[in-house]
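First residue of the sequence shown? That's 448 in the numbering used here, and the numbers climb one at a time after it. All C-beta atoms, glycine included, are put in the ideal place defined by N, C-alpha and C. Nothing here was measured: the structure is a model prediction, and the numbers come from that model. Below is one structure, written out as structure tokens, with a few remarks after it.
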Amino acid sequence: MDGRTHIYIYIYIYIYILQYLAIGEDANSKVTAGSLDVHPTEKALVVHYEVEASILGEGGGHMLGERKEGQKIIRVKSLSPSTDVAALAQKVVEECKLIPPSRLPQVEQLLYYLQNRKSSPVEGKVEKKEKRTAKPRELTPFEGMELDEEASITRVDEYVELLYEGVPEKIRGSALILQLARNPDNLEELLHNEAALGALARVLREDWKQSVELATIIIYIFFCFSSFSQFHGVVSHYKIGALCMSVVEHELKRHDVWCEELRKKNKSAPENGSLRRDQDKALRKYQGLRAKQEQLLRVSLYLLLNLAEDTRTELKMRNKNIVSLLVKVLDRDDEELLVLVVSFLKKLSIFLENKNDMVMDTIEQLAHLVPCEHEDLLNLTLRLLLNLSFDSGLRAKMVEVGLLPKLAGLLGDENNRQVVMRILYHISIDDRFKGMFVYTDCIPQLMQMLFECSEEEIEAELISICINLAANKRNAQLVCEGKGLKKLMKKALKTKDCLLMKMIRNISQHDGPTKPLFIDYVGDLAAEIRAEEEEEWVLECLGTLANLTIPDLDWELVLKEYNLVPYLKDRLKPAQQEDDEFVCQIVYVFYQMVFHQATRDVIIKDTQAPAYLIDLMHDKNTEIRKVCDNTLDIIAEYDEEWGRKIQSEKFRFHNNQWLEMVESRQADESETYLYENDNDRTDLFYSADGITPADGSVSPDFFSDLQAQNGDSHITG
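Written out as structure tokens, the structure reads:
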């Protein structure tokens, strides 16, 4: 034998050793147990081991060897506080050959540790998140794929020969190859068999219209390759993705034809018994064809979903109208097919272009799936709706098709509550739909959830919806029913939650039966307005007080009791004017106070608040200027001295503006003399199609004529 042959032999031997190392079985292999430990997050033991495999020569000597380290995870999910640890440890040692009996005490000690270990909160969140994540189930063998014989990887060439026979033989040959392809260990070898893959692609391209079973089986074979990203190249090489698009489009058209034929037969409404039997027969035939077609659609769409991992491939699918094809499948009843289709649409909806392709009909189709018994389908549908709810037009369609009460009904579903609240939050952003929450049981459920939240933190989605809904008058009344406002105020004052107080502030802005309810809490709110508190918290309390335009409220007593005037006055000093919103709320409080004589007299006579308001008359913020002007106008009306000061300041400000404008104009005019030669350039003057002479000379008659041309009244003597 030459040197090259020896190399091939050694390579073969090496691969042989690696294969045995991978499966851990060999007469010449030696397994050595290593360390034993607990799994960091799961209820499981981790056994480390080492496999040593060797090939012996003809004389029995060591020829070639290889070592490989591995680990085995033994999960003990049944472990609980009441579990007999000693008995469980004995069972683990007996069933796991990697653990010698001598290590039984160590196993028992580790199990005892697992039994008493507290579960990590992070772990619990991850498990909960994983539970909510739904995805299409793996494909199972379809009807017509089962064969009595077992396929062998060594007989692939025989199966390929069957692909050159009739349709029944092609089905048998492809089904045997499918048996092999469903085992991932065989994919590598099938990948290198170009004759087999080429024949399968050819048969699919030529005969897919002749047999649904044949098309389903061959696409399933390529689906097995598409399940692994490293094999996507071979699927693309044979253009299987494009073929699947054609298959899906053709099958949907066939389905439309079947439905039309069935509709025509049902329309005749035969009284004759034989015609009725024909109609029943046609219905059974349709159901059988539809079942086979849905198998083909499922495997084709699943393959396309796998290929869509590559955004470039996904773009090609979009250009071939994949979105409209998927939407057409949403009217099917097969739940597993629907899970796949909704998963695909959810993936596509991430991109704006795909979302725009999902026309209003998509929302109507999805509304039929909410709620549904299939947990994964419901979860995926809600997540798709969440992606679509970022579009205002699609949100409006959701409300139109009646999704709002359905979503409110799902708030009690622990698995889907978070995604439901996010959809409801998006709907609550739009003022058009805030009032429609009144006609659902959404608000009582949200309030109950709000009161049941722990003191540490309220869910962001929950409080955000409540803030938005409180901006609607009818919703606010519903929130305050019973002891709603009392509970809200108690929780807000206890937790100092700024967002909760923002919700209360929104409630306080509405006139009607809700505003007088705040009389009992004026003192509590005023007591929170002090320098020691967080500025954002004070701002919300201050804004709530500013909304309380209640005639019976004695503002003079409030100001004196809680010594608010010095605090408000200090906040209006120029050095303190950092937050426009904060300043605006303080000015608005003064605006409300000057309506009442008692508080107006205190502000005018006992404080310098009007002087600070005068300084804010010319603030850069438009809203602050507007509220200041209104407040100062009222002060000027009731106090002559301040009225003169305010009028004088307004005159001074406008006079300064006038002088600045005049000086600016004079500076502009002086610049023209810097360019003396330009006066000689008559071509630089505007001529406006002959209206003005090019030399710049205009007679008085010109302006009289121009005035008449512009439509103004012009009387000639």
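Inside the stretch 1005 to 1088, DSSP marks whole alpha helix (DSSP H) runs of 4 or more residues at positions 1011 to 1018, 1027 to 1040, 1044 to 1053, 1056 to 1062 and 1069 to 1085, from first to last along the chain.
If you draw a straight line from the Cα of serine 482 to the Cα of phenylalanine 670, it is about 40 angstroms long.
The continuous stretches of alpha helix (DSSP H) do not include lysine 490, and DSSP gives it neither H nor E. A contact between stretches requires three or more CB pairs, one per stretch, nearer than 8 angstroms, and the stretch 895 to 910 fails this requirement with the stretch 878 to 885.
The DSSP-derived three-state label of aspartate 484 is strand. The three-state secondary structure of arginine 977, taken from DSSP, is coil. For valine 770, the enclosing alpha helix (DSSP H) covers residues 769 to 776.
For phenylalanine 669, the enclosing alpha helix (DSSP H) has its first and last residue at 659 to 673.
Between threonine 887 and proline 852, the CB-CB gap stays under 8 angstroms. Of the candidates Cys543, Thr530, Glu489 and Ser527, Cys543 places its Cα closest to the Cα of valine 478.
The beta carbon of isoleucine 910 sits closer than 6 angstroms to those of Leu946, all from its chain and outside the five residues before and after it, given in chain order. Of Glu906, Tyr559 and Gly859, the smallest CA-CA separation from cysteine 889 is found for Gly859.
Here DSSP, grouped into helix, strand and coil, assigns isoleucine 521 to strand. Taking 8 angstroms as the cut-off, the Cβ atoms of glycine 959 and lysine 920 count as close.
Beta-bridge partners assigned by DSSP to threonine 479: Glu497. The three-state secondary structure of glutamate 516, taken from DSSP, is strand. With a contact defined as Cβ atoms closer than 8 angstroms, leucine 1000 and leucine 972 miss out at about 12 angstroms.
Looking at Gly620, Ile521 and Phe837, the one whose alpha-carbon comes closest to that of lysine 490 is Ile521.
DSSP places proline 818 outside both helix and strand once states are collapsed to three, so it counts as coil. By the C-beta criterion, the stretch 735 to 747 is judged to be in contact with the stretch 645 to 664, since at least 3 inter-stretch pairs fall below 8 angstroms. Between phenylalanine 791 and leucine 850, the C-beta spacing is not below 8 angstroms. Between glutamate 741 and leucine 699, the alpha-carbon positions lie close to 10 angstroms from each other. Around the beta carbon of asparagine 1102, fewer than 16 other beta carbons lie within 10 angstroms, which makes this residue exposed. For isoleucine 687 and tyrosine 496, the gap between their C-alpha atoms comes out near 43 angstroms.
Taken atom to atom, the span from the alpha-carbon of lysine 1007 to that of isoleucine 1050 is near 11 angstroms. Fully enclosed alpha helix (DSSP H) runs of no fewer than 4 residues occupy 878 to 881 and 889 to 899 of the stretch 872 to 908, in order along the chain. Judged by DSSP in its simplified three-state form, arginine 759 adopts helix.
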